[in-house]
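> Using my numbering, you'd call the opening residue of the sequence shown number 125 and step up by one each time.
Sharing a structure below in structure tokens format, with a few things to ask.
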Amino acid sequence: MDIHEYQAKDILRGFGVPVPRGHLAYSPEQAAYAARQLGGQGPWVVKAQIHSGGRGEAGGVKLCKTEAEIKDYAASLLGQQLVTKQTDANGKGVYRLYVEEASDIAQELYLGFVLDRSSERIMIVASAHGGMEIEDLAESDPDSLVRSVIDPAVGLAEYQARDVGFRLGLTGMQVMQFTTFLKACYRAYRDLDAMMVEINPLVITGAGDLIALDAKMSFDTNALYRRPQVEALRDASQEDPREAIAADNGLAYVGLDGDIGCIINGAGLAMASMDMIQLAGGQPANFLDIGGGASPERVCQAFRTVLSDRNVSVILVNIFAGINRCDWIANGVIQAYREVGIDLPVVVRLSGTNVEEGQKIIRESGLPIISADTLAEAAEKAVAAGAQKIAAE
Ligand code: ADP
Ligand code: MG
125 MDIHEYQAKD ILRGFGVPVP RGHLAYSPEQ AAYAARQLGG QGPWVVKAQI HSGGRGEAGG
185 VKLCKTEAEI KDYAASLLGQ QLVTKQTDAN GKGVYRLYVE EASDIAQELY LGFVLDRSSE
245 RIMIVASAHG GMEIEDLAES DPDSLVRSVI DPAVGLAEYQ ARDVGFRLGL TGMQVMQFTT
305 FLKACYRAYR DLDAMMVEIN PLVITGAGDL IALDAKMSFD TNALYRRPQV EALRDASQED
365 PREAIAADNG LAYVGLDGDI GCIINGAGLA MASMDMIQLA GGQPANFLDI GGGASPERVC
425 QAFRTVLSDR NVSVILVNIF AGINRCDWIA NGVIQAYREV GIDLPVVVRL SGTNVEEGQK
485 IIRESGLPII SADTLAEAAE KAVAAGAQKI AAE
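Below, the structure written as structure tokens:
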């Protein structure tokens, strides 16, 4: 789960990371007021809060000299979709702005904490050349990045933090500040079950101090149950609306670009079904795992979620019931017809526990459900029905 820059900065500030003072704003008036609260003569920096980097290049970060300029810029940004290098073509909606005091930048560094899956450890990645071109550098000159793997039994040791600082070319007092900075970021990462902490740029100011000018944090969703303070930071406006609905209903759902809606149990079977759909010449609209022990209500909710995607032209239900029961699934499909109102072809393939009972329920329902016995047959029938539906329109 991603959070906004201002939220990440609040968290990091709490762990002792130096960040600029700033205030959140939801309107142009609030943005101007935020600048007044910060005081001083300006300039101020107004920053679009979206779950994406690359805002600077996309026009989502602006240095403003007057309150009038802040208001104009805020008005032009709020309510718009901001498209960056990291978003899709639709971009992300800008509903919140962060107004900060402007920092005097002498040098921009890059600092990241990521999970290195090959060493199964948290790794520091840093560069003396941060800012907006770090991705180009990672491609053109990957060896220039400083890397350091943290031993979980020891934690981030002082000497290790100093070593990273020296390798970045820092000297004297800066190394001491950097050590404190690094350890604070590491604690935030570890204590809150983060997956990523990225400070880009980490700035050396004209006075020689270090400060986090940008901050990005993302968290392990599987650990959110024990981090309610992190879960509270979720902003559904930044998520794929289809995935947000699914998450609210506890369904494992990933939106895709095709037209064949999938309701499947088990992640493995869901992946295999998506492969079979492609083999049959179609494209899945989503990945959806309804999980074990799916009640009729849960099946019904899965239908609602899949149908919330306007591109869907056919639904494929593929269940291999172990813990699940085919009769429950069949009843769920029928309930979905009654409650959700389905005017698309539905292909159902049932197998496993109580399969005869499930098939009987489907047969006797009188509904125009297309049955299939095998996964391959189900995929072919779904692709054919979808093509027919699209042709009819
Ligand atoms: P993004 O990574 O999404 O482009 P950043 O927060 O990194 O957004 O901002 C882009 C650039 O804007 C930074 O590299 C920095 O040069 C400048 N910037 C951001 N915040 C400030 C600030 N408080 N003071 C001065 N410059 C800033
Ligand atoms: Mg940045």
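Each residue gets a CB set at the ideal place from its N, CA and C atoms; glycine is no exception.
Given the structure is predicted, the values throughout are model-derived calculations rather than measurements.
#1: Pro-152: beta carbon under 8 Å from a heavy atom of the ligand ADP?
#2: Exposed or buried, what is Pro-365 when buried is set at 16 or more other beta-carbons lying within 10 Å of its beta-carbon?
#3: Going by C-alpha to C-alpha distance, which of Gln-425, Leu-468 and Gly-374 sits closest to Asn-455?
#4: If you drop the 5 nearest sequence neighbours on each side, which residues of the same chain put their C-beta closer than 6 Å to that of Ile-229?
#5: My guess is that Val-249 and Ala-158 are in contact by the Cβ rule of under 8 Å, so how many angstroms apart are they, rounded?
#6: Within the present structure, is the beta-carbon of Gly-236 separated from the nearest heavy atom of the ligand NAP by less than 8 Å?
#7: To the nearest whole angstrom, what separates the beta carbons of Asn-410 and Leu-380, a pair I think is in contact under 8 Å?
#8: List the residues that DSSP assigns as beta-bridge partners of Glu-570.
#9: Please state whether DSSP places Glu-263 in a helix, a strand or coil.
#10: Leaving out five residues on either side along the sequence, give the residues of the same chain with a beta carbon under 8 Å from the beta carbon of Met-297.
#11: Could you tell me the alpha carbon to alpha carbon distance between Asp-317 and Arg-351, rounded to whole angstroms?
#12: Identify, in the order they occur along the chain, each residue of the same chain with its Cβ nearer than 7 Å to the Cβ of Glu-488, setting aside the five sequence neighbours on each side.
#13: Within the continuous alpha helix (DSSP H) that includes Val-457, where are the two ends?
#14: Taking Cβ to Cβ, would you say Asn-324 is nearer than 9 Å to Leu-235?
#15: Residue range of the beta strand (DSSP E) that Ala-336 falls in?
#16: Among the residues of its own chain, which have a CB less than 7 Å from the CB of Ile-447, if the five just before and after it don't count?
#17: Give me the pocket residues for the ligand MG, defined as CB within less than 5 Å of any heavy atom, sorted by chain position.
#18: Tell me whether the beta-carbon of Ile-384 lies closer than 9 Å to the beta-carbon of Val-436.
#19: Could you tell me the boundaries of the beta strand (DSSP E) in which Leu-474 lies?
#20: With Val-288 as the anchor, note down where its alpha helix (DSSP H) starts and where it stops.
#21: Heavy atom of the ligand ADP less than 8 Å from the Cβ of Gly-482, yes or no?
#22: How about Ile-443 and Val-472: are their beta carbons less than 9 Å apart?
#23: Which class does Lys-216 belong to by DSSP, given the choice of helix, strand or coil?
#24: Below 7 Å CB to CB, which residues in the same chain sit around Gly-382 once its five sequence neighbours on both sides are set aside?
#25: For Arg-291, count the other beta carbons within 10 Å of its own beta carbon; 16 or more makes it buried, fewer makes it exposed. Which is it?
#26: Please name the residue in Ala-371, Val-438, Tyr-461 and Glu-501 whose C-alpha comes closest to that of Ser-475.
#27: Nearest CA to the CA of Arg-286: which residue from Met-341, Thr-304 and Gly-254?
#28: With a CB to CB cut of under 8 Å and the five nearest residues on each side skipped, what residues in its chain are close to Leu-261?
#29: Taking the C-alpha atoms as reference points, what is the distance between Leu-136 and Tyr-313?
#30: The ligand ADP and Gly-415: does the residue's C-beta get closer than 8 Å to at least one heavy atom of that ligand?
#31: When DSSP labels each residue in this structure, what does Glu-181 get in the three-state scheme?
#32: My output table needs one value for Lys-307: the three-state DSSP class, helix, strand or coil.
#33: Quick one: is Glu-232 buried, meaning 16 or more other Cβ sit within 10 Å of its Cβ, or exposed?
#34: Take every Cβ of the stretch 148-158, pair it with every Cβ of the stretch 341-360, and state whether three or more of those distances are shorter than 8 Å.
#35: Let me check one thing: in DSSP terms, what residues is Val-378 bridge-paired to?
#36: If you compare alpha carbons, which of Leu-202, Tyr-197 and Trp-168 is closest to Glu-519?
So, to answer that:
#1: Taking the first residue of the sequence shown as position 1, residue 152 is located at position 28. Distances from the CB of Pro-152 to the heavy atoms of the ligand ADP are all 8 Å or more.
#2: In the sequence shown, the residue the question calls residue 365 occupies position 241. With fewer than 16 Cβ atoms within 10 Å of its Cβ, Pro-365 is classed as exposed.
#3: In the sequence shown, counting from the first residue as 1, residue 455 sits at position 331. Considering only Gln-425, Leu-468 and Gly-374, the residue with the shortest C-alpha distance to Asn-455 is Gln-425.
#4: Taking the first residue of the sequence shown as 1, we reach residue 229 at position 105. Excluding residues within five positions, the ones whose Cβ falls inside 6 Å are Val-327.
#5: Within the sequence shown, residue 249 is the residue found at index 125, counting from 1. Within the sequence shown, residue 158 is the residue found at index 34, counting from 1. No, Val-249 and Ala-158 are not in contact; Cβ-Cβ is about 33 Å, not under 8 Å.
#6: Questions concerning the ligand NAP fall outside what the structure shown contains, since the ligands it does hold are the ligand ADP and the ligand MG.
#7: Numbered from 1 along the sequence shown, position 286 holds the residue referred to as residue 410. Numbered from 1 along the sequence shown, position 256 holds the residue referred to as residue 380. At roughly 5 Å, the Cβ-Cβ gap stays under 8 Å, so Asn-410 and Leu-380 are in contact.
#8: Residue 570 is absent from the model: the chain starts at 125 and stops at 517.
#9: Locating residue 263 in the sequence shown gives position 139, where the first residue counts as 1. DSSP places Glu-263 in helix when its eight states are reduced to three.
#10: Numbered from 1 along the sequence shown, position 173 holds the residue referred to as residue 297. Result list for Met-297: Gly-332, in chain order.
#11: For the purposes of this step, residue 317 is taken as the residue at position 193 of the sequence shown. For the purposes of this step, residue 351 is taken as the residue at position 227 of the sequence shown. Asp-317 and Arg-351: Cα-Cα distance of roughly 8 Å.
#12: The sequence position of residue 488 within the sequence shown is 364, counting from 1. No residues qualify anywhere along the chain.
#13: In the sequence shown, residue 457 corresponds to position 333, counting from 1. For Val-457, the enclosing alpha helix (DSSP H) has its first and last residue at 450-464.
#14: Start at 1 with the first residue of the sequence shown, and residue 324 comes out as number 200. Start at 1 with the first residue of the sequence shown, and residue 235 comes out as number 111. Yes, the pair counts as a contact, with Cβ atoms nearer than the cut-off.
#15: As a working mapping, residue 336 is identified with position 212 in the sequence shown. Segment 334-336, the beta strand (DSSP E) holding Ala-336.
#16: For this step, residue 447 is matched to residue 323 along the sequence shown. Here Ile-447 has Gly-416 and Gly-417 as same chain residues with Cβ atoms under 7 Å from its own Cβ, once five neighbours each way along the sequence are excluded.
#17: Answer in sequence order: Asn-324 and Asp-338.
#18: Residue numbering aside, residue 384 sits at position 260 when the sequence shown is read from its first letter. Residue numbering aside, residue 436 sits at position 312 when the sequence shown is read from its first letter. Ile-384 is a Cβ neighbour of Val-436, given a cutoff of 9 Å.
#19: Walking along the sequence shown from the start, residue 474 turns up at place 350. For Leu-474, the uninterrupted beta strand (DSSP E) segment begins and ends at 470-476.
#20: As a first step, residue 288 must be located in the sequence shown, where it is residue number 164. Start and end: 282-291.
#21: Position 358 of the sequence shown, counting from 1, holds the residue named residue 482. Every heavy atom of the ligand ADP is 8 Å or more from the Cβ of Gly-482, so no.
#22: Position 319 of the sequence shown, counting from 1, holds the residue named residue 443. Position 348 of the sequence shown, counting from 1, holds the residue named residue 472. Yes, these two residues count as a Cβ contact at 9 Å.
#23: Counting from 1 along the sequence shown, the entry for residue 216 is found at position 92. In the structure shown, Lys-216 sits in a strand (DSSP, three-state: E or B).
#24: Within the sequence shown, residue 382 is the residue found at index 258, counting from 1. The beta carbon of Gly-382 lies closer than 7 Å to those of Gly-406, Gln-407, Pro-408 and Ala-409 in the same chain, with the five residues before and after it left out.
#25: Numbered from its first residue, the sequence shown carries residue 291 at position 167. Result: exposed.
#26: The count along the sequence shown starts at 1 and reaches residue 475 at position 351. Checked all of Ala-371, Val-438, Tyr-461 and Glu-501; the closest Cα to Ser-475 is Glu-501.
#27: Position 162 of the sequence shown, counting from 1, holds the residue named residue 286. Taking only the C-alpha atoms, the option nearest Arg-286 is Thr-304.
#28: Here residue 261 refers to the residue found at position 137 when the sequence shown is read from its first residue. Counting only Cβ-Cβ distances below 8 Å, and skipping sequence neighbours, we find Ser-251, His-253, Ser-268 and Leu-269.
#29: Looking up residue 136 in the sequence shown gives position 12. Looking up residue 313 in the sequence shown gives position 189. So the alpha carbons of these two residues sit roughly 9 Å apart.
#30: Mapped onto the sequence shown, residue 415 falls at position 291. Checking every heavy atom of the ligand ADP against the Cβ of Gly-415, none is found closer than 8 Å.
#31: Working through the sequence shown from its first residue, we reach residue 181 at position 57. Residue state, collapsed to three classes: coil.
#32: Position 183 of the sequence shown, counted from the start, is the residue given in the question as residue 307. Helix, per DSSP.
#33: The residue labelled residue 232 in the question sits at position 108 within the sequence shown. Label assigned to Glu-232: buried.
#34: Contact between the stretch 148-158 and the stretch 341-360 is absent, because fewer than three Cβ pairs lie under 8 Å.
#35: The sequence position of residue 378 within the sequence shown is 254, counting from 1. Beta-bridge pairing by DSSP links Val-378 to Phe-411.
#36: Any property of residue 519 remains undetermined from this structure, which presents the chain solely from 125 to 517.
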